[in-house]
Structures are given as structure tokens and as C-alpha cells.
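Protein chains in written order, with the numbering used here: chain Y, -16 to 380; chain L, 162 to 461.
Using N, Cα and C, we set each Cβ at its ideal position, and we do this for glycine too.
Only a predicted model underlies this, so the values are computations on that prediction, with no experimental measurement involved.
Here is the structure we will look at.
Okay, structure coming up:
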């Protein structure tokens, strides 16, 4: 069934189809319509879940951490400073290996206050141990929520589903609402191996020593460092799971098929514009325009930011002449975080493309098609070279 | 309660093992052991960083027999909320959810989540074991450290501010059951825990918990010192049941009787070394004034 709804409602309908049973949230723009919709679905009896309106984002994730530890499928959503307020809990959820799913409706961070879109919120949380997926349109938001629960519960790592505030959250687009039975086939009920249960008492997240230590039966248990190594390795291995889930999802629902990089006119391109989120679709018009001018350029949207799909990036781009990385976030005093990651992924390749970096759209600054076209015209030249520092688009200095 | 509870008719089942990592003479060991007997096996615990985190043992060994979720410092009551949400979703509502936090984890960093959970009416019991400073991190002052007390962050002249009255803050939330207790009167705590279990919604127990290392007294004197706090009228045992306040146990017995002077309590602990005679006199007058109100209102 096709419906026309906002991106936030697409996310809410995904959470309903995923049959999350504990939802906790605190209001923050532009996430609010998503959680309002969920509270409405629960209140109307259309969704069988506990909706818990907490007093802060820190508590929202605390509720999800505890509910997940007690064996329930948990969901929350936030934006910007709300995500930052969760920071300690983000690390806790990942360290405790809880398959929580959270929508991050991307918004710039104060100070100064902004309510408009950029990616600084989620990018600044890249090292919290969460998987980060980025959606480009409403259909992807809904589908990614379903895939995120499946992924999180398969690898026991929490997942953020990130999508652009306003550009996607508050705009209306048609998308297909999957059949609930088909979703159940794709996403079986949450059945964790361990959960809080008086019949089988466990003390979870206890103080752990630097070195390994035997338990009361003499079996060696990991130390803190082994536990961290396990999280890292499981994040790396989750890339195979992401690929498998994408294939299975396409078999059942007939959509998708691009687990890491969604390409547009990339095959015969010499140069590729790379970015995350809705901008990769915005760029498609620019690519068509430049193709008519004879510039062999394509566009690619990265769907997964953590774990970083370095092999997919190297395979897709190492034979290209140049990459132009557009980012709505910045590692202050250095460069765009995605730019640095892409350069690192290509470093081992002897014949690698040049990589350039543009920072744009911070705090909702309008991204003009003409500006994107000019940047690409400027960069898509054999004489271009890899830069150390980003250039800025739309900066009025 | 039908028969009077004594040490002989407490359940023999132990939920806290001997040989745990509490310091010798720790008041928390007494109350945790006793209250867990009252809570019973069908209980899930929530614990933020505190002395209790250490008492319960280091991975992969646990000193307790009940499932426990260790959570971040500020999130205790919110985590209890999440467990309750999951239990409702799974039809496991019969299980008791009990949070155990220290005074800092309750009155300072944990109070937002606690207030939120109480306002939402979450069905849990919150135990605050009040040893009147951040003991696990090395005796820093907290919101419930009494005035003039020496801590490692009030090291010379003592804490300038008064002790925060957390049970009164909880009472302002309109809870159906609030009680204070003391590690020196474990049977009273046991009975109050049993009683708390008969209520639904948020319930709050505030337990005065002597700490030899932080208060500066010999380890064998913990019970005596906790009793002195009550017998001098400084820390009162009471219940607020459906909004009605009444003194209980030893405090109720003291109505109409002469109390020990507060100085008897202060001289037992090195943390009170900064108290002057004038301070002690001032505190004595405050305590006398408080008890005058108890007597006048006929609270018992």
C-alpha cells in the first residue's frame, strides 16, 4: 500500500511494524512529530507498546537500556542537543551490547541555537560504538528502521537511523507501507539469550578489571580490553550481516540492494560526488546537468558510516580519477570526518583518486544546486589534487 | 504485621553472600542483607555507581543472588522505569523492581530521574542509603552531608550548607509510602520494606548508614553510632503513609522522654572535629525545636 506522509511518520510506521514494545522519548525539534505519532498509535490501541514520556533524553536512553536488558525491543528518537545529552548512555548501550534502535533526526548543535539541519549531531557521536545508518528518502527511513532492528538484534550492537531534519522529517512523500506479515517474516520476535530474570539472576555491567579473571568455576572471563575488542570486531563483522540483510530485504520486499553505497551514474564516471543523507538525491539533478556539459561525474550516497565500509569504498572508488566529498559536519580544526575516513580507506591503494572536501549546509544554510554544480565543475578536472583542508560552499564571509 | 519480626523469624535464605567487598563495619552490608530478605527472590535491582557497586563484586563474580542492572550515575530511577516497562510488556508485573542508590546518587545527580519517575507514578521502591557523603570516591561532600562536617572537599572548616531533606522532597511528590530507617535498626528496616511492598506506585526508603571510613570511627562502633544518631533526635525514624506522618520504632519510643544530648553523637566521629561548642548548642536548639513540634502535634 502506498501512502503519502512525512518522514517522521514513515519512521513511526516502521517502529510500529517492527513491533517495538518499549518506547521512551523526550521532545526535541525536529524529532517531535515522530514520537507524537508513536504516542498516538499506542494511545489509540493500534500499537501494543509501552510509551514512556520521560523527563530527559538521558532518561529516554536509560529506559531503553533497562528495557532491552530486561528482554524487550526498545526504541527512542532524538535530535541535536538531545543526542548529545545521551552521550554517556550511548556508550553504555553499546558497551552493554543492547540492540536498541534510535532515530536521529539530524539537526545542528548549539551554541548558538539552531533548529535546522546538518549532521554534526550524529557525526560527533561516531565513536560511541553504535552502528550509524543514513537514509535518503521516506521509503528508506521506514525500510532502514526495519533493517536496523534486524541488524541490531543479530549483532547485539545498537543502531542509529539518521535522516535529515525538515528536509526529510517534515516533508511529505509517497512511500510503500510494507505488509505486517511480511515484516514479521523478515524480523522475528526479539529473543535475547540473557535478560534480567529472577529465575536466572545475573549482575549486569559490573566493575571489570584491567586483566582477565577466573569465575567461581575457574573459567577465564574476559577483562575490559577483551570486551572492547569484541565490540570492535563484532562491529567489523556486522558489515557482512548488513550485506546479507540487504539481500534478504530485497528478496522479500523488492526494494534496496545497496547496503553501503547507493550509486547514481557512477559506473562510467571519472569523478564521484560522495555524501550522506538526502543530499545524495539532491545531487542527482546536478549530475544530470553536468553530464550534459560532458563532465563524467556520478554521485554516491553512503548508507553506513559506522562501521566504516572501507572495503566497499575502496572497491567502488579506487579506480576513479577523483572524489568530491560533501559534508554537513566538521571535525573542528581538522577536516570533514567523512573526508578523512574516505582518504584513509583509499590510502593502501597505489593508484588512488584525488579526494577533495566541501563543507556545506551547516545549521540549515541553503544548499543551492548552482553552488553544487560550480563546486563539481571546479573539482572534476585531471589537474585537481587531494587537499588537506576543506573548502566551504555558501559561506558569506 | 501479625507477629513481631525478630532476627529469628527472618528468612534464612541469604541473597548477599558473606565475603563480599564491603569495608569492615560497613552499615550498607547490614541493610542490604536485611532489606533483600524482605524484598525476596522475585526482585530485580537497579544500582548506579556507588559503594554498592563494589560490594556486589567484580566481574565475573557477583556477591548477590538477585538479578541486578548496573546503570549510569544519573539514571537509576529512569532505568527502573525501563525495567518496569519491559515487565509490563511481557506480563511479568509481579516482579518487584527496587533501586538502590547512595545519597549522592539520590539527592544530587540522580534527583532529576527520581523526580520524573515519581511524577510518572512508576511502580518501584527506591532505597537511598545515606552515608552522608560520596564515600565510594573518597568522602567528598554531597547534598545530604550535614552542616559543619569535614569531608575531602570541605576539609578545614567543614560543609557550610545544611543537609538536604530528601524524604521531604519525596513527600512533595505525593508518594503513598515514604519511610526513614537506620542501619542500626535492621528489623525496623525489614518491616518497612515488607510494608512498602504492599503499596503500588513509587515508594521511597531513606536509610541512615554509618560509614567507619568516611565518618571516622572504629569499625566495631557502627551500630552504636547509628543508634546515637536516633537517640539524640538528630535522625528520626518515621513513616509518611498516604500523607500521614508518624514517628516509628525507637523515635516513637522517645516521645515524652528525655533525649541524649547531640554532643554525645558528635564526639564519636572525627568528621565533626570542626564543630564548635556554639555550633553544637545551635544544633541542639534546632533538634529541641523539631522535637517540640513532634510532641505538640502528638505524632506517634
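Using only the alpha-carbon positions, how far apart do residue i and residue j sit?
{"i": "residue 475/L", "j": "residue 245/L", "result": "Beyond the ends of chain L as shown, which are 162 and 461, falls residue 475/L; an answer cannot be given."}
{"i": "residue 41/Y", "j": "residue 363/Y", "result": "45 angstroms"}
{"i": "residue 201/L", "j": "residue 63/Y", "result": "43 angstroms"}
{"i": "residue -13/Y", "j": "residue 152/Y", "result": "13 angstroms"}
{"i": "residue 371/L", "j": "residue 58/Y", "result": "41 angstroms"}
{"i": "residue 176/L", "j": "residue 355/L", "result": "16 angstroms"}
{"i": "residue -11/Y", "j": "residue 141/Y", "result": "25 angstroms"}
{"i": "residue 321/Y", "j": "residue 188/L", "result": "53 angstroms"}
{"i": "residue 196/L", "j": "residue 256/L", "result": "16 angstroms"}
{"i": "residue 285/Y", "j": "residue 169/Y", "result": "23 angstroms"}
{"i": "residue 162/L", "j": "residue 387/L", "result": "With a pLDDT of only 48 at residue 162/L, under 50, the local geometry of the prediction cannot be trusted, and the value read off the model is given with reservation. One C-alpha to the other measures close to 25 angstroms."}
{"i": "residue 250/L", "j": "residue 362/L", "result": "17 angstroms"}
{"i": "residue 219/L", "j": "residue 191/Y", "result": "6 angstroms"}
{"i": "residue 272/L", "j": "residue 150/Y", "result": "38 angstroms"}
{"i": "residue 454/L", "j": "residue 38/Y", "result": "36 angstroms"}
{"i": "residue 248/L", "j": "residue 115/Y", "result": "29 angstroms"}
{"i": "residue 335/Y", "j": "residue 314/L", "result": "58 angstroms"}
{"i": "residue 157/Y", "j": "residue 125/Y", "result": "12 angstroms"}
{"i": "residue 3/Y", "j": "residue -5/Y", "result": "10 angstroms"}
{"i": "residue 366/L", "j": "residue 212/L", "result": "18 angstroms"}
{"i": "residue 222/Y", "j": "residue 304/Y", "result": "26 angstroms"}
{"i": "residue 161/Y", "j": "residue 331/L", "result": "47 angstroms"}
{"i": "residue 309/Y", "j": "residue 122/Y", "result": "23 angstroms"}
Do residue i and residue j have their C-beta atoms within less than 8 angstroms of each other?
{"i": "residue 258/L", "j": "residue 241/L", "result": "yes"}
{"i": "residue 247/Y", "j": "residue 267/Y", "result": "yes"}
{"i": "residue 131/Y", "j": "residue 166/Y", "result": "no"}
{"i": "residue 179/Y", "j": "residue 228/L", "result": "yes"}
{"i": "residue 310/L", "j": "residue 433/L", "result": "yes"}
{"i": "residue 319/L", "j": "residue 269/L", "result": "no"}
{"i": "residue 49/Y", "j": "residue 243/L", "result": "yes"}
{"i": "residue 54/Y", "j": "residue 90/Y", "result": "no"}
{"i": "residue 256/Y", "j": "residue 224/Y", "result": "no"}
{"i": "residue 364/L", "j": "residue 336/L", "result": "yes"}
{"i": "residue 181/Y", "j": "residue 204/L", "result": "yes"}
{"i": "residue 277/L", "j": "residue 238/L", "result": "yes"}
{"i": "residue 357/L", "j": "residue 349/L", "result": "no"}
{"i": "residue 193/Y", "j": "residue 177/Y", "result": "no"}
Taking Cβ-Cβ distances shorter than 7 angstroms, what residues in chain L pair up with residue i?
{"i": "residue 180/Y", "result": "228"}
{"i": "residue 184/Y", "result": "226, 227 and 228"}
{"i": "residue 33/Y", "result": "246, 249 and 250"}
Pull up the DSSP beta-bridge partners for residue i, would you.
{"i": "residue 145/Y", "result": "87/Y and 117/Y"}
{"i": "residue 343/L", "result": "369/L"}
{"i": "residue 464/L", "result": "Within the shown structure, residues of chain L are numbered from 162 to 461, placing residue 464/L beyond reach of any answer."}
{"i": "residue 337/Y", "result": "305/Y"}
{"i": "residue 291/L", "result": "369/L"}
{"i": "residue 415/L", "result": "Residue 415/L is not bridged to any residue."}
{"i": "residue 410/Y", "result": "Shown here, chain Y extends from -16 to 380; a query on residue 410/Y therefore has no answer."}
{"i": "residue 418/Y", "result": "Lying before the first or after the last residue shown, residue 418/Y is absent from chain Y, which here runs from -16 to 380."}
{"i": "residue 263/L", "result": "290/L"}
{"i": "residue 196/Y", "result": "204/Y"}
{"i": "residue 364/L", "result": "286/L and 338/L"}
{"i": "residue 380/L", "result": "Looking at the DSSP assignment, residue 380/L forms no beta bridge with any residue, so it has no partner."}
Quick one: list the residues of chain L neighbouring residue i, beta-carbon separation under 9 angstroms, in chain order.
{"i": "residue 71/Y", "result": "233, 234, 235 and 236"}
{"i": "residue 7/Y", "result": "239, 242, 243 and 246"}
Given that residue i touches chain Y, what residues does it touch there, using C-beta distances under 9 angstroms?
{"i": "residue 407/L", "result": "Here the premise fails: no neighbours, minimum Cβ distance about 31 angstroms."}
{"i": "residue 277/L", "result": "37, 38, 39 and 42"}
Going along chain L, which residues have a C-beta under 8 angstroms from residue i?
{"i": "residue 188/Y", "result": "230, 231 and 232"}
{"i": "residue 191/Y", "result": "219 and 220"}
Which residues in chain Y sit within 8 angstroms of residue i, going by Cβ to Cβ distance?
{"i": "residue 202/L", "result": "181"}
{"i": "residue 214/L", "result": "189 and 190"}
{"i": "residue 286/L", "result": "Correct list: empty, because the minimum Cβ distance to chain Y is about 15 angstroms."}
Residues of chain Y with a CB under 7 angstroms from the CB of residue i: which are they?
{"i": "residue 362/L", "result": "Those within 7 angstroms of residue 362/L in chain Y number zero; the least Cβ separation is about 15 angstroms."}
Looking at chain L, which residues of the stretch 35 to 62 of chain Y have a Cβ within less than 9 angstroms of any of its Cβ atoms? 35, 36, 37, 38, 39, 41, 42, 43, 44, 45, 46, 47, 48, 49, 50, 51, 52, 53, 54, 55, 56 and 57
Near-chain Y residues of the stretch 295 to 314 of chain L (beta-carbon distance less than 7 angstroms), N- to C-terminal order: none
Taking a cut of 8 angstroms between CB atoms, which residues from the stretch 71 to 87 of chain Y lie near chain L? 71, 72 and 75
Counting only Cβ-Cβ distances shorter than 7 angstroms, please list the residues of the stretch 245 to 260 of chain L near chain Y, keeping chain order. 246, 247, 248, 249, 250, 251 and 256
Got a sec: which bits of the stretch 374 to 387 of chain L sit with their beta carbon under 8 angstroms from any beta carbon on chain Y, in order along the chain? none
Identify each residue in the stretch 195 to 208 of chain Y for which the Cβ-Cβ distance to at least one residue of chain L is less than 7 angstroms, and report them in chain order. 196, 198, 199 and 204
Using a Cβ-Cβ cut-off of less than 7 angstroms, give me the residues of the stretch 321 to 354 of chain L that come near chain Y, in sequence order. none
Any residues in the stretch -8 to 7 of chain Y with a beta carbon nearer than 9 angstroms to a beta carbon of chain L? Which ones, in chain order? 4, 5, 6 and 7
Using a Cβ-Cβ cut-off of less than 9 angstroms, give me the residues of the stretch 431 to 444 of chain L that come near chain Y, in sequence order. none
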